[in-house]
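*Asks:* One structure is given below, represented as structure tokens, and several questions about it will come after.
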Amino acid sequence: MSYVSLTLEENSTVTSSCFGDFSGTNSIELVLIRAQTLLQIYRISEDSIELLTQTPTFSLIRAISTIKIGNEGKDYILLGSDSGSVCLLSYDAHTNSLKTIHNEIFGKSGIRRVVPGQYIVADPSGRAVMVSAIEKQKFVYVMNRNSNGEVTISSPLEANKSNSICFDLAALDVGFDNPMFAAIEVDYNEQYLPHIKDRIVKKFIVLYEMDLGLNHVVRKSAEPINETANHIIPIPTLKEDVHLGMFICSENRISWYNPGHPIQSIEIPKMDEETTQSTLIVSHVVLRMKTGHFILVQSEYGDLFRIHFQTEDNGDITDLKLTYFDTIQSTLGMIISKKGHIFTASEFNDSHLYQITSLGDEESEEHEGTQQEVEMKEETNGMVQIPFFDAKKDQTPLKITRYDSVRHLDEISNFKSNAPITGMSVCYGDDKKTANKYILYTGRGPSSCVQVLKHQMKTLEVAEITLPAIAMGVYPLQRSKDVSEYLVVPFANATSILKISEDEVKETDETPVILSSYSVRIGMMPDGTFVQVLKEKIVVYTSKIKEVSVVGDIVCAAIVESFVVVGVSKGDDNVIMLFKYEDGGLHEIESKGSFGKIRSVTIENKEVPKFCAVACEDGGIRILTLFNTETTKALTRVSVISLESAINDVKFGVLNSKQIIVAGLDDGKLAWCFFDSNSGEIEETNFEFVGVQNVNLGRVYTTSESGEEWMVGYNGNGILLSTSNGQIKSTPLDQPNIYGVEGFKASFVDNPIALVSGNILKILVFENTTSSLSGVKVPLCMTPRKIVESETVEDTFVLCADNFSKYANDEIIRGDDGEWVSSIYRMDKEATKIELVTKFPQNVYALCGTLLTVSDSIYLVVGLAEKYTSRPIKFTNSSIAVYKVNVDNIQYLYTTQTEYPVRSMAVYGGRVLCGINRQLRMYEIGKKQLLRKAELRQLASEISDIHVINNKIQLVGISDGISFVRFNQTKQEFDIYADTLPRWTVKSVALTPTSYIGSDKFGQIFVEGLDKETEENASNIFSSILSGEKTIYNGAKYKAVSLNEFYLGDIATGFVNCCVRIGAPQIFIVSHLLGGISALIPLNGFGEIEFFEQLEMHMRVRHQNVNGRDHIAYRSSVVPVKGIFDGDLCELFEKLTEEEKKEIAGEMEREVGEIVKKLHDLRNMRAF
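For the sequence shown, my numbering gives the first residue as 38, with consecutive numbering after it.
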């Protein structure tokens, strides 16, 4: 079986970020790296944050930095990645894309500890860049410009040091002196090995100087520092010739270091509940102001402190002190813009963008550190004593109290993150195959939650207006494309007009139009004149009302700018009439008959429209011109679209800066295709199912500079046809009973939508147009670690637990390793009710569980451990607890002791299989304890999971892959007949008794299975292939073969096999640890496999990654890719130039439209 991997929701964790002016327009722009693979650029303005572009890199970005080269008015982006090169990128505002300026290769690809890329820093003056590996290697590149003004980069200058590990790297601000770089290093040479064995590690602060005159790098100095030092904060220079050095952060201390000056240090204050814990600084921001420095540091507990000091002309500092600033969530890193924006990137929470509102000089509770001048002296034993890093033994740790809320920062935006996703499940519809809800178990600690999501576009209600009757639709009136002035709501025998003001929408009678009858259409001319189309005539409301009589009944009309097109029914004859408003009157330009029964007409929504479209009951759409030319008359047919169903509505729209024609059909489908307004060509038609009734259409506006016009097809249900990051997608709306929808433009909110539901008019906005999933969050008090569910039991149980935690007055506070809090939550079938059913005592850890049905009674069996630590593995007690599941609670029955914690459980024939260390044990429910029935020993590693399917057992070892086991009912023993090669499996799901899909801790997903002969022999109880037990050294006789391999770039934590659309084939939904969701879509037949194989091959050649990472090497980072095609790469086909598209299509012997349609169908018909 072959699959296509397709991303449904991008990984949301922000791993790296930087501020800059990358477009050269004096803007504040933010670069985010999502889950090390996706590069996004946002523009921050006073009232909004706009996503400019996003680029998939198909690589792992390890570090990012901003550099301004010379006096140029824009910034560049530096990337360190697994491509084995340093990459310099430039943002092109005209094409809205990233361009690679330089991509200098220096080593092997992949993440290796001796290949640079883990750290990358730039000299503040933009003259040099240092890129460093974790171990040994460091390179310096000199940046310059040639005579043509082009950016140049030198050959790498080595600054390597054998047997050294780099903990942090920073570029110092030294003005126009030679560029200087500082690193925290550990030298693990042989002479220090005895100290390392005793857990004594010597760290050094090492200074590297780039001599621009001699063009080489000098390791200038290496001074010993505290062994807990972990972070460097360079201090910007205020005066050109005064260098201020850096701050070095370690446990409980921040110390100032500047060569040639006495070292000063200050203690980090502690909070009340953390007095027994040491404190580390994890991130910082530095802003140079006219009055001095603004330096914020953040501790690992989330507390922000500001460093205060005074500078001297000789480079010394005085009055060093630390003040409490605020408390926010702990971050991976913080960055600050020149206008005071602070972005905080969080590993397992939402990331935030703040604006500094106050420097906190008056309100902060401050603590002055004792400035100690220390003279370093070497002792006889070779160890250097640095007393300023050590707190005074007789000094009580300083305490401060946190603020109740953030005081000095104002949150501007919240970048949502689903990370970490620890598990996933679905709620099925009536057919038991189609998923109608996706349940994500996310978060860590008190921020944990269960997200119950649906495939729908989330809307927020701005206002609600009650109408006098059930409306037939809604549409706006506007004389220009900037602001809508009125909303028209037609009824069966009347018309209502609502005026749009600066802050509200209310009904008005100030317009001259007739409101006592049904209006086919009402429009406004560019000069503000109203034109009303009634069934029998057209009324123009100038200073003198003018009427244009029409022979027959007007069944439909369209008004754009000064053009009016009406469809007239004259018995068996149907006519299209074209009018133009000029000189205060409506003049007929042309009319044309010989149409079938006309259902709808539309005009291009442009300042100077060129075409109109006529939809007929026979399933045809005629594209007609609006102007007379030298060779043709107005209403001349340009092209025709033929559909199999009668057409109810038609409209023009814009997707991906291309014009489209959208039709709502009587059979409940939405049809759309691209239309070239220059050549009149029409591409392949795509379809979406909306509902069982005929479909109407509404237009929705966006903030895109390209003037995108999305479409909504509705017939009670609603589907939004939109674009996200260049991909066209269809998403159901979260609003029921839709009878009319249309976007308009107002000053009080961006891009509002008017929606009619019965006699209610709602003003809505989209909450997030980039995500296809929305729903509700149910908070949990602990991290969800195990999902216990069964096909025979409706309820789902969630085992939650947190280490380093303990109870204090019904609250959970930080504890030590081995201190656990644990609980069980219960969730109903529809995920509408989630409740806490039990809390375990302090230090009890619930590792696993299963649901067992015996004689109409349901039992919940849970594996427990007390005071469990993983490094090394220790525990004081381990057991299995049994609960009886009742309608409204669970009842504790008894506990059975075990010699080792139970990591995995499964149900087999009314009994419980338990993975206890390297043993598989079978228990039966007893009256007072579990009864042992069978046991399998001598497995190679601990059993982390157990799958049972069709009486066959699959044992998942932590590091030993999977063993295929059969239970011999006659002998009451287990037989191992096959296994796999060793893998560090994280998550797996059985597909058949002899195959499974899984993921490992390196980011690989794979499908493995047995060959047919072994599978047939395994089902025969008299087969000779079965052996009594699996030995540690040789394993089983037969091995499973690898069927599919694919490097995901993230750890997969959940697999669900389901349909995402009614009538669609089943696919695998895969959840990612870092917050993403993807799909594995099976391909049917050789034709589909050949298509994606060829397309992927061509895209690997045509698409060049910005950092030069080879695509096939990336997808084969762990094991060579096999049988899974990269759908994300294939979808980039639409972003190629027209020439490249035609060239690829020619080599594949297909049309461009055919390739695009197949890609759209893959996402919109099988996934989302």
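For every residue, glycine included, the Cβ atom is placed at its ideal position computed from N, Cα and C.
Can you confirm whether the region 766-778 touches the region 743-758 when touching is taken to mean that 3 or more C-beta pairs between the two stretches lie within less than 8 Å?
*Replies:* yes
*Asks:* Just to check my reading of the structure: Pro153 and Gln174 have Cβ atoms closer than 8 Å, yes? What is that Cβ distance to the nearest angstrom?
*Replies:* The residue labelled residue 153 in the question sits at position 116 within the sequence shown. The residue labelled residue 174 in the question sits at position 137 within the sequence shown. Yes, Pro153 and Gln174 are in contact; Cβ-Cβ is about 5 Å, under 8 Å.
*Asks:* Taking all protein chains shown into account, decide if Ser336 is buried (16 or more other Cβ within 10 angstroms of its Cβ) or exposed.
*Replies:* Taking the first residue of the sequence shown as position 1, residue 336 is located at position 299. Buried: at least 16 other Cβ atoms inside 10 Å.
*Asks:* Who does Ala1027 pair with in a DSSP beta bridge?
*Replies:* Within the sequence shown, the letter at position 990 stands for residue 1027. Looking at the DSSP assignment, Ala1027 forms a beta bridge with Tyr1033.
*Asks:* Quick check: what's the CA-CA separation for His1148 versus Met1136?
*Replies:* Along the sequence shown, one-based indexing puts residue 1148 at 1111. Along the sequence shown, one-based indexing puts residue 1136 at 1099. Going by the C-alpha atoms only, they are around 9 Å apart.
*Asks:* By how many angstroms is the C-alpha of Val322 removed from the C-alpha of Trp293?
*Replies:* Position 256 of the sequence shown holds residue 293. Position 285 of the sequence shown holds residue 322. Between Trp293 and Val322, the C-alpha separation is close to 16 Å.
*Asks:* Quick one: grab the DSSP three-state call for Ala868.
*Replies:* Translated into the one-based positions of the sequence shown, residue 868 becomes position 831. The answer is coil: DSSP assigns Ala868 none of H, G, I, E or B.
*Asks:* Let me know the beta strand (DSSP E) ranges lying completely inside the region 501-569, each 3 residues or longer, listed in chain order.
*Replies:* Counting only runs of at least 3 residues, the region 501-569 fully encloses the following beta strand (DSSP E) elements, listed from N- to C-terminal order: 512-514, 523-527, 532-537, 542-544 and 558-561.
*Asks:* Would you decide whether Gly329 is buried or exposed? Buried here means 16 or more other CB atoms lie within 10 Å of its CB.
*Replies:* Looking up residue 329 in the sequence shown gives position 292. By the 10 Å Cβ count, Gly329 comes out exposed.
*Asks:* Which value, in whole angstroms, describes the spacing of the CA atoms of Ile393 and Ile379?
*Replies:* The residue labelled residue 393 in the question sits at position 356 within the sequence shown. The residue labelled residue 379 in the question sits at position 342 within the sequence shown. Approximately 7 Å, taken between the alpha carbons.
*Asks:* Runs of 3 residues minimum, wholly inside the region 642-706: which ones carry the beta strand (DSSP E) assignment?
*Replies:* 648-653, 657-662, 674-679, 684-692 and 695-702
*Asks:* Report the start-end ranges of each beta strand (DSSP E) in the region 353-386 that is 3 residues or longer and not cut off at the edges.
*Replies:* 354-364, 370-373 and 378-382
*Asks:* Does the region 814-824 come close enough to the region 853-869 to have 3 or more Cβ pairs within less than 8 Å?
*Replies:* yes
*Asks:* Given that a residue counts as buried once 16 or more other Cβ atoms are within 10 Å of its Cβ, and exposed if not, what is His492?
*Replies:* Translated into positions along the sequence shown, residue 492 becomes position 455. Looking at its Cβ environment, which holds 16 or more other Cβ atoms inside 10 Å, His492 is buried.
*Asks:* Where are the beta strand (DSSP E) runs, 3 residues long or more, that stay fully inside the region 989-1025, in chain order?
*Replies:* 989-994, 998-1005 and 1010-1016
*Asks:* Note down, in chain order, each residue of its chain lying with its Cβ closer than 6 Å to the Cβ of Glu87, except the 5 sequence neighbours on either side.
*Replies:* Walking along the sequence shown from the start, residue 87 turns up at place 50. Counting only Cβ-Cβ distances below 6 Å, and skipping sequence neighbours, we find Arg80.
*Asks:* Just list the beta strand (DSSP E) runs in the region 170-216, keeping only unbroken ones of 3 residues or longer that don't cross its boundaries, in chain order.
*Replies:* Those beta strand (DSSP E) runs which fall completely within the region 170-216 and span 3+ residues are 175-182, 188-190 and 201-209.
*Asks:* Mind checking which residues open and close the beta strand (DSSP E) that includes Lys607?
*Replies:* For the purposes of this step, residue 607 is identified with residue 570 of the sequence shown, where counting begins at 1. Residues Phe600 to Lys607.
*Asks:* Skipping 5 residues on each side, what residues in its chain have a beta carbon closer than 6 Å to that of Gln408?
*Replies:* The count along the sequence shown starts at 1 and reaches residue 408 at position 371. Annotation note: pLDDT 43 at Gln408 (below 50); position unreliable, no value reported.
*Asks:* Give me whichever residues DSSP pairs with Ser767 in a beta bridge.
*Replies:* The count along the sequence shown starts at 1 and reaches residue 767 at position 730. The bridge partners DSSP lists for Ser767 are Leu758.
*Asks:* Hey, quick one: how far does the beta strand (DSSP E) through Val786 stretch, first residue to last?
*Replies:* Here residue 786 is taken as the residue at index 749 of the sequence shown, counted from 1. Per DSSP, Val786 belongs to no beta strand (DSSP E) and is neither H nor E.
*Asks:* Who pairs with Lys843 in a beta bridge, going by DSSP?
*Replies:* Within the sequence shown, residue 843 is the residue found at index 806, counting from 1. In the DSSP output, where bridge partners are listed per residue, Lys843 has Ile850.
*Asks:* Between which two residues does the beta strand (DSSP E) carrying Cys286 extend?
*Replies:* Taking the first residue of the sequence shown as 1, we reach residue 286 at position 249. Unbroken beta strand (DSSP E) run through Cys286: Met283 to Ser287.
*Asks:* Just the Cα atoms here: how many angstroms apart are Glu1171 and Lys136?
*Replies:* Position 1134 of the sequence shown holds residue 1171. Position 99 of the sequence shown holds residue 136. One C-alpha to the other measures close to 18 Å.
*Asks:* Going by beta carbon distance, what residues of the same chain come within less than 7 Å of Glu405, once the five residues before and after it are set aside?
*Replies:* Here residue 405 refers to the residue found at position 368 when the sequence shown is read from its first residue. Low confidence applies to Glu405: its pLDDT is 45, below 50, so where it sits in the model is not reliable, and the reading given next is rough at best. Answer for Glu405: Lys358, listed in chain order.
*Asks:* Which residues mark the beginning and the end of the beta strand (DSSP E) in which Ala1089 is found?
*Replies:* Looking up residue 1089 in the sequence shown gives position 1052. Where Ala1089 is concerned, the enclosing beta strand (DSSP E) stretches over Ala1089 to Cys1095.
*Asks:* If you count every other CB in all the chains shown that lies within 10 Å of the CB of Phe1123, and 16 or more means buried, which is it?
*Replies:* In the sequence shown, the residue the question calls residue 1123 occupies position 1086. Label assigned to Phe1123: exposed.
*Asks:* Would you call Tyr929 buried or exposed, if buried means 16 or more other Cβ atoms sit within 10 Å of its Cβ?
*Replies:* Stepping through the sequence shown from its first residue, residue 929 is reached at position 892. It is exposed - the Cβ of Tyr929 has fewer than 16 other Cβ atoms within 10 Å.
*Asks:* Taking DSSP as the reference, what is the three-state secondary structure of Arg1137?
*Replies:* One-based indexing of the sequence shown puts residue 1137 at position 1100. The answer is helix: DSSP assigns Arg1137 an H, G or I state.
*Asks:* Go through its chain and collect everything with a Cβ distance to Met1185's Cβ below 6 Å, but skip five positions before and after it.
*Replies:* For this step, residue 1185 is matched to residue 1148 along the sequence shown. Closer than 6 Å at the Cβ level, and outside the excluded window around Met1185, lie Gln1131.
*Asks:* How would you call Thr503, buried or exposed, if buried means at least 16 neighbouring beta carbons within 10 angstroms?
*Replies:* Numbered from its first residue, the sequence shown carries residue 503 at position 466. Residue burial is scored here from C-beta neighbours: Thr503 has fewer than 16 other C-beta atoms within 10 angstroms and is therefore classed as exposed.
*Asks:* What's the C-alpha gap between Cys1096 and Glu1050?
*Replies:* As a first step, residue 1096 is located in the sequence shown; it is residue number 1059 there, counting from the start. As a first step, residue 1050 is located in the sequence shown; it is residue number 1013 there, counting from the start. Cα to Cα, the separation comes out at about 31 Å.
*Asks:* Specify, as a first and last residue, the run of the beta strand (DSSP E) that Glu979 falls within.
*Replies:* Looking up residue 979 in the sequence shown gives position 942. From DSSP, Glu979 is part of no beta strand (DSSP E); its letter is neither H nor E.
*Asks:* Can you confirm whether the region 1103-1118 touches the region 451-467 when touching is taken to mean that 3 or more C-beta pairs between the two stretches lie within less than 8 Å?
*Replies:* When Cβ pairs closer than 8 Å are counted between the two stretches, the region 451-467 is seen to touch the region 1103-1118, the count reaching three or more.
*Asks:* Based on the DSSP output, what are the partners of Gly1190 in its beta bridges?
*Replies:* The count along the sequence shown starts at 1 and reaches residue 1190 at position 1153. In the DSSP assignment, Gly1190 is bridged to no other residue.
*Asks:* Exposed or buried, Pro306, counting other C-beta atoms within 10 Å across all chains shown (16 or more means buried)?
*Replies:* Counted from its first residue, the sequence shown places residue 306 at position 269. Its Cβ being crowded by 16 or more others within 10 Å, Pro306 is buried.
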